[in-house]
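>
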Amino acid sequence: HTAEIILFESANKYLKEHLGESKTLNISKWKSELTTLKKDKKSLYSQILEIREEVEQAEKVKTCIEQLQEQEKQLSQVKRNELDL
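Take the numbering used here: the final residue in the sequence shown is number 521, and no numbers are missing along the way.
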């Protein structure tokens with residue numbers, strides 16, 4: 437029974453701290469906050485998608501540059517071999 441009383445007192449203290457004097461839940465405030473948070477989430481997610489696309493393009497460019505560098509290295513090695521002959 438003591439545990440139930442402790443839980444009740446904790447819940448009561450929490451509600452007093454968060455409800456203030458009104459003693460009722462402000463549902464409209466929560467709904468408006470939820471709407472704002474959903475908009476923020478949508479905006480941030482679209483930013484994430486844009487950044488992912490940019491990263492993908494940058495990785496493609498990096499791969500192309502690495503391939504070109506490898507080809508240049510091979511060509512210069514072939515030229516050195518031809519000059520040595």
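Glycine residues also receive a C-beta, built at the ideal position from the N, C-alpha and C atoms.
Could you check what DSSP says for H437 in three-state terms: helix, strand or coil?
H437: coil per DSSP, three-state reduction.
> Could you compute how far the alpha carbon of I559 sits from the alpha carbon of L470?
No answer is possible for residue 559: the residues shown for the chain start at 437 and end at 521.
> Helix or strand or just coil, what does DSSP make of K496?
It is helical.
> Measuring only the C-alpha atoms, how far is Q510 from A494?
If you take the alpha carbons of Q510 and A494, they lie about 24 angstroms apart.
> If we require 4 or more residues per run, which alpha helix (DSSP H) segments fall completely within the region 446 to 497?
Taking only runs of at least 4 residues, no alpha helix (DSSP H) segment lies wholly in the region 446 to 497.
> When you compare only the Cα positions, how much space is there between L473 and S482?
So the two alpha carbons sit approximately 14 angstroms from each other.
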